[in-house]
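Trainee:
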Amino acid sequence: MNENRIGYVLSADTLGCIAGRRVNPAANPSFGEMVKISSQDQTELYGIISNIHILDDGLVRQLATAQPIEERIIRDNRENRIIPLEFSILFIGFRQNGRISHLLPPNPPLSLESVFTCTNEEIGTFTTAGSSGYLRYLVADKTALNFDLVAAHFQNLYALLQEDERKFWMDKATRALIHLYRNDYETLNALLHTLSDAAVFTE
Amino acid sequence: MDEKVLNKNTGKEIGTVIGGSLAESLTARLQVSPQEIQEGSFVTIKSGDWQFYGLITDLRLGATDPRFSDEQIDAYFPPAVAEILREEVLYSNAIILPVLMFENGPDYDDANIQNFLNWKEQKEAEGELMTRPIQIKTIPAHQSPVRLASETDIATVFGDEKDENNFKIGITREQNFPVCIDLSHFIQRSSGIFGATGTGKSFLARILLAGLIQQNKASLLVFDMHDEYGFDDTASDTGEKVTGLNTFFGSKVQVVGLGGGRNIRGNTPGFQVEIAESDIVPADIEMLSVELNLKETTATTLSALVSSFSKNWFSEFKAMKSGSMITNEEGKKVPAPDSVAAWANENGVNVMAAESLHSKLGRLFRANYITANPSANGLQNIVEILKKGKHIILSFSGYGTDLDYLFISNLITRKIREEWEALTNAYRNGTGAANEPRPLVIVVEEAHKLLNREMAAQTAFSTIAREMRKYYVTLLIIDQRPSQIYDEVLSQLGTRICGYLTDDEDIRAVLSGAAGKESLRSMLSHLQPKEEVLIAGWGMPMPIPVRSRRLDKRFWQELVRNEKDPLRAEDLESQKKKLGF
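Protein sequences, first through last, are from chains A and B.
Residue numbering for the first sequence follows this note's numbering, beginning at 154 and increasing consecutively.
Residue numbering for the second sequence follows this note's numbering, beginning at -18 and increasing consecutively.
Right, here's the structure in full:
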């Protein structure tokens, strides 16, 4: 399991958490990636990375004023300093006693709880359970970022699922989203344009 | 889309109820393409233990937001998204006119039939098990499933084709399920067949008449203005041979010619009817006031003629000479003794009025079918044949003017009215061994000529339409301009069978007095020009558009198969007599 660890929880609430890790360009988390976090009561929380933050400190700000910055200084700053890479996670469900729920978790994770990337099998099991109800958490605040989050999620699923499962899932998830916003022309229009741009419907 | 079929008695589910009211209509969201549904489709709605029956009267396109309707969905979205978007945000609603309701218990399939049986047993024990649908009194709940009617639903409402009292009038337009009419119920009130010219009114009338004859429900008197009903004919549009009622039913149907020595399309009629001059009464003439352009003085003159000559007034008046003058002893020109003027002077009648009437009656005086001494009492023959349960088709071959039609049909109908009133009164008074009178249906083509606003009050037909059902006589009127028929008569029509009509006034007239007429109006205006009719009113539990049967070989073959065994009927009668009934 350790090889999938991508960070540790820094802060959390019921809706989501912020996790951090050392910057590693080769293994940094990706926008839209599904993760899981163990919780206090043997519950596995599932979430999606909804934002990634590259933080600064006083030195970085000062370095930015230098013209030009030497390559070794840039590399040193990225590889040796201990400013964490932070990423936000939206909770989309949990598994408790082997049962998957597309609901918010009963308890948020504690700080420094490990954040793991989900395996393909876990992603498949979670996303195909129920009727894609977890998608509502992705578009809850109707921001452009969240529409792209959905697009990223679709792209991930497109790459992950077998051909025979792919169309079924895409149709089901698309229908669930359209159903959610069928009375909201602006939101649905923006969401579907974003999804269309994700180029997962080319078949 | 999955078809939810609970058992073989339920039709395909097409949507769910999303709103509506009892006073207006129900709205159902369609789960199927609107092309699968047609205006006029007969649908059922299951809500709890109740089954509701209704008609789709309108189909409407809708969108969760109108801007989706305008959106060029295919241009902006991939096909997979566009397809789902269309399904989710664009929809079709069906407007349903609910008409009947029936408590038929819970839905069931093979697995839970016991629930239904338990329900049925309990209802039977309580004496509350319904046997037939009733008029709608409440509405189904939200989200109740709407299904296309199954063959069983159609049979529940309109009767089973296998029941010998039911006669298949046509089939439903979508699924070709047979739609029946209870003819014994149908003939209890006057009825009408309407449609623009060329829409098959006469064919449909022949189908109905064949059913009435085959089921032996009533005697028929058909005023056959165009010689279509008795003998074989050729369809004007298809060129196919059309079997006549006399050809098929033989001696049960007597074709009667008007006047002596004429044949009907090369066929010899059963007998010829001539009108005795003594049978004509003033009312028969007054009824022709429009056709003969009679003046207001006509009634006075006719009254004086009857006073003078009693029953022979027509013969005597006919024999008078108009304008004939002689010179008297004083050398003055005076009216000849056999002149109209002489009679008028003697009886205090205005000479000019009498001479005018004489002149106008000239067309009747010259009619070949009116004679002083007919070889037989044709009118009485017709009445006797009808009383015996046989049928008369009175062909107007060669006498095709409106005057002939109006005069003959009214005169015969008046005679029949008198006879049937006497028969009914005798039956009701219990005098002698009077049997219940044989129901009689008088079939009138071009009915607007007899039943228009001016004529209706004067003819026997209007009385029949209004009152004679108590005396076992009803009308079946066939017409292409129902708007020309007097409202009071039209409102008395029980069953209305209506084909394609284009005129708004005609459509309005046909639907006068009908419930939900605005909905039916749209349906009526969208009927196919041929073979589709809307049947509504007394004879049908609820209005329904049907594709009418074709009057072809198959029709006659089916009629033969359904023919009741006369021996069996006689046996039954003799058995009843033996048992003292």
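Glycine included, C-beta positions come from ideal geometry on N, C-alpha and C.
Predicted, not measured: the structure shown is a model, and the values here were computed from it.
(1) Label E554(B) either buried or exposed according to how many other C-beta atoms from any shown protein chain fall within 10 Å of its C-beta, with 16 as the threshold for buried.
(2) For a contact meaning CB atoms closer than 7 Å, what does F354(A) contact in chain B?
(3) What number of angstroms, rounded off, separates the C-alpha of N309(A) from the C-alpha of T(-9)(B)?
(4) Can you have a look at T119(B) and say buried or exposed, based on whether 16 or more other CB atoms are within 10 angstroms of its CB?
(5) Please return the same chain residues whose Cβ sits closer than 6 Å to the Cβ of T476(B), not counting the five positions on each side in sequence.
(6) Does the Cβ of P221(A) have 16 or more other Cβ atoms within 10 Å, making it buried, or fewer, making it exposed?
(7) Jot down the residue ranges of each uninterrupted alpha helix (DSSP H) in the region 218 to 287 of chain A, minimum 4 residues, whole runs only, in chain order.
(8) Please state whether the Cβ-Cβ distance between F66(B) and I331(A) is less than 8 Å.
(9) Considering only the beta carbon of each residue, do F570(B) and V425(B) sit closer than 8 Å?
(10) Please classify H123(B) as buried or exposed, where buried requires at least 16 other C-beta atoms within 10 Å of its C-beta.
(11) Report yes if the C-beta distance between L515(B) and L532(B) is below 8 Å; otherwise report no.
(12) Can you give me the C-alpha to C-alpha distance between G140(B) and S340(B), rounded to a whole angstrom?
(13) Straight-line CA distance for S259(B) to K314(B)?
(14) CB V237(B) to CB F252(B), shorter than 8 Å?
(15) Would you mind telling me which residues of chain A sit closer than 7 Å to T45(B), beta carbon to beta carbon, in chain order?
(16) Note down, one range per segment and in chain order, each alpha helix (DSSP H) of at least 4 residues found wholly within the region 182 to 243 of chain B.
(17) For the pair the region 192 to 203 of chain A and the region 238 to 253 of chain A, tell me if three or more CB-CB distances fall below 8 Å.
(18) In chain order, which continuous runs of the beta strand (DSSP E) of length 3 or greater are located wholly inside the region 69 to 102 of chain B?
(19) Does the Cβ of F321(A) have 16 or more other Cβ atoms within 10 Å, making it buried, or fewer, making it exposed?
(20) What span of residues does the beta strand (DSSP E) with Q361(B) cover, start to end?
(21) Cα separation between N248(B) and R187(B)?
(22) Quick check: the Cα distance between V24(B) and T(-3)(B), rounded to an integer number of angstroms?
(23) So, under 8 Å CB-CB, P418(B) and L36(B) are touching, yes? Tell me the CB distance rounded to an integer number of Å.
(24) Going by beta-carbon coordinates alone, are N331(B) and A323(B) separated by less than 8 Å?
(25) Considering only the alpha carbon of each residue, which of C271(A), L341(A), A351(A), L348(A) lies closest to E52(B)?
(26) Could you tell me the distance, in whole angstroms, from the CA atom of V138(B) to the CA atom of E107(B)?
(27) For I77(B), count neighbouring C-beta atoms within 10 Å of its own C-beta (all shown protein chains included) and say buried if the count is 16 or more, exposed if not.
(28) I need the boundaries of the beta strand (DSSP E) containing S28(B), first residue and last residue.
(29) Quick one: does L42(B) have its CB under 8 Å from some CB of chain C?
(30) Give a yes or no on whether the minimum CB-CB distance between M323(A) and chain B is below 8 Å.
(31) Taking 8 Å as the limit between beta carbons, can you name the residues of its chain near S296(B), skipping five residues before and five after?
(32) Using 8 Å as the Cβ pair cut-off and three pairs as the minimum, do the region 11 to 26 of chain B and the region 146 to 158 of chain B touch?
(33) Could you list which residues in chain B have their beta carbon closer than 7 Å to that of H332(A), in chain order?
(34) Check N354(B) in the structure and name its three-state DSSP category.
(35) Could you name each continuous beta strand (DSSP E) segment of 3 residues or more that falls completely within the region 511 to 536 of chain B, going from the start of the chain to the end?
(36) Give the straight-line distance between the Cα atoms of T405(B) and Y452(B), rounded to the nearest whole angstrom.
Mentor: Straight from the coordinates:
(1) Confidence at E554(B) is low in this model, with a pLDDT of 47, below 50, so its placement is unreliable and the value that follows should be read with caution. Burial call: exposed.
(2) P59, A61, V62
(3) 45 Å
(4) When all chains shown are included, T119(B) counts as exposed.
(5) For T476(B), where only same-chain residues beyond five positions count, the Cβ hits under 6 Å are F167, S172, G518, W519, G520.
(6) Flag for P221(A) reads exposed.
(7) 224 to 232, 273 to 281
(8) Correcting the residue type first, residue 66(B) is Leu in the shown sequence and not Phe. In this structure, I331(A) lies closer than 8 Å to L66(B) by Cβ.
(9) The shown model of chain B, from -18 to 562, leaves out residue 570(B), and the question about it has no answer.
(10) exposed
(11) no
(12) 57 Å
(13) 33 Å
(14) yes
(15) Within chain A, the residues near T45(B) are R335, N336.
(16) 182 to 196, 226 to 230
(17) Taking 8 Å as the limit for Cβ pairs, the verdict is that the region 238 to 253 of chain A does touch the region 192 to 203 of chain A.
(18) 71 to 84
(19) exposed
(20) Unbroken run through Q361(B) is the alpha helix (DSSP H), 359 to 368; no beta strand (DSSP E).
(21) 19 Å
(22) 11 Å
(23) With a Cβ gap of about 37 Å, P418(B) and L36(B) do not count as contacting.
(24) Between N331(B) and A323(B), the C-beta gap is not smaller than 8 Å, which leaves the two residues out of contact.
(25) L341(A)
(26) 24 Å
(27) With 16 or more neighbouring CB atoms inside 10 Å of its own CB, I77(B) falls in the buried class.
(28) 23 to 28
(29) The displayed structure is made up of protein chains A and B, and chain C is not among them.
(30) yes
(31) These residues qualify, in order along the chain: E258, S259, F290, A353.
(32) yes
(33) E69
(34) coil
(35) 513 to 518, 525 to 529
(36) 6 Å
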